[in-house]
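Visitor: Under full-length UniProt numbering, think of the first position of the sequence shown as 1, with each following residue one higher.
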Amino acid sequence: MVMKKSYSTLINKKNITSIAIGGFDGMHIAHQQLFKKLDQNGAIVVIESGHSNLTPKSNRQEYTHFPVYYYVLDNIKHLEGEEFIKLLKEEFPNLKKIIVGFDFCFGKNRKYNTLGLKKLFEGEVIVVDEICDNNLAIHSRYIREFIRVGNIKKANELLGKNYKIIGQTTKGQGLGKKSFVPTINLTVENFLLPNEGVYITKTIIKDKSYNSVTFLGHRVTTDGSYAIETHLIGEDIINIMGKIQIEFIDKIRENQKFDNFEDLKKQIDKDINNALKYFDK
1 MVMKKSYSTL INKKNITSIA IGGFDGMHIA HQQLFKKLDQ NGAIVVIESG
51 HSNLTPKSNR QEYTHFPVYY YVLDNIKHLE GEEFIKLLKE EFPNLKKIIV
101 GFDFCFGKNR KYNTLGLKKL FEGEVIVVDE ICDNNLAIHS RYIREFIRVG
151 NIKKANELLG KNYKIIGQTT KGQGLGKKSF VPTINLTVEN FLLPNEGVYI
201 TKTIIKDKSY NSVTFLGHRV TTDGSYAIET HLIGEDIINI MGKIQIEFID
251 KIRENQKFDN FEDLKKQIDK DINNALKYFD K
C-alpha cells in the first residue's frame, strides 16, 4: 500500500509521532481544531473519497505547516480494522497518538468507529467533538451545498477563509474589451464551482491581489457557452498567461439574459459599483 505525500520538505516518517485522520476537504475551521491537537512531530493523513473538491489535493498543504499524506479510499476500504491500524503503524513506526473527529469510521463497511479505534490502537486516541457555528454543524458537505447555491458568505464563515478556485487563463470571446469591460477568462478543473451568477471577488495574479468582479455561468445574452471571467476593477491588465486564483467574497446577483448589449453594459456597470461599495467600506 503506497501512501502519497504532499510536502515541500522531505520528512522522515519515523519522526512522526501523531497523526490526524480524516477527509479534510476544505481544511475548514473544524478541521483546524483537530490539527491543533497534533504535537510538533505531527502529520495529517487524508482519506481521499472522490467528492467534488473544495480544496484539491495539490492545494491543501498551503493551509497547514504539518506534512500531508494521502490514502485513496478505494484502495483501503476493504481492510479490516486491525489491518488498517497495522498499515498506519507500518507507515509511522513511532506513532503514539491519533486524532479523529467524533464521526470517524474505518475498516470494511465502515464497521469500526472511535470506540473501535481506541480498542485497536495501543497509543493515545483523541476524539474531537462536533463543532458548530450558530447551531449549524461544520461539515464539508454543508459547505459544498452553500457554494453550490451561491451562499458564499456562509461558506466562507464555515471555511474560516474565502473560498478559492485556481484556473488557467484562456482566450475569451473578445467582446469584453470591445463592448463592455476587459476580462480575464479561465478554465478550472478539480474545484467545486459556485452556481451561476456575478460575485464580488479578489483575483490573485503572481501573488498580487486585485479587487474584482467575477462571472460564472452560461453567456445567455451572447453565444450561450459556459464561461468563468473576471474583471479587475480599475486595472487595465491584458495578455495574462498562466494560472490565476479567484477568491469569492459575496454574490451580487444571479445570471440573467438581457434583451440587448446596452442593457447588459448597464448591468455590468451596476455590478462593478456594487463591488466598489464593498471594497470602499
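We treat Cβ as the ideally placed atom computed from N, Cα and C, and that holds for glycine.
1) What does DSSP give as the partner residue(s) for residue 18 in the beta ladder?
2) What do you get for residue 31, buried or exposed, if any count of 16 or more other CB atoms within 10 angstroms of its CB means buried?
3) Hey, is the stretch 94-103 in contact with the stretch 15-35, meaning 3+ C-beta pairs nearer than 8 angstroms?
4) For residue 57 and residue 67, I'd like the C-alpha separation in whole angstroms.
5) Going by DSSP in three states, residue 106 sits in which element: helix, strand or coil?
6) Can you tell me the Cα-Cα spacing of residue 39 and residue 215, whole angstroms?
7) Starting from residue 278, trace the alpha helix (DSSP H) in both directions and tell me its first and last residue.
8) In the structure shown, what three-state DSSP assignment does residue 225 receive?
9) Can you name, in chain order, every residue of its own chain whose Cβ lies under 6 angstroms from the Cβ of residue 125, other than the five neighbours on each side?
10) Could you have a look at residue 195 and say whether DSSP puts it in helix, strand or coil?
11) Go to residue 185, then tell me how far its beta strand (DSSP E) extends in each direction, as first and last residue.
12) Can residue 158 and residue 54 be called in contact, C-beta distance under 7 angstroms?
13) In the DSSP assignment, find the unbroken beta strand (DSSP E) run with residue 79 in it and report its ends.
Guide: Reading off the structure:
1) In the DSSP secondary-structure assignment, residue 18 is bridged to 42, 97.
2) buried
3) yes
4) 12 angstroms
5) strand
6) 43 angstroms
7) The continuous alpha helix (DSSP H) containing residue 278 extends over residues 261-279.
8) coil
9) 98, 117, 118
10) In the three-state DSSP reduction, residue 195 falls in the coil class, being neither helix nor strand.
11) 184-188
12) No, Cβ-Cβ distance for residue 158 and residue 54 is not below 7 angstroms.
13) Counting along the chain, residue 79 sits inside no beta strand (DSSP E), nor does DSSP assign it H or E at all.
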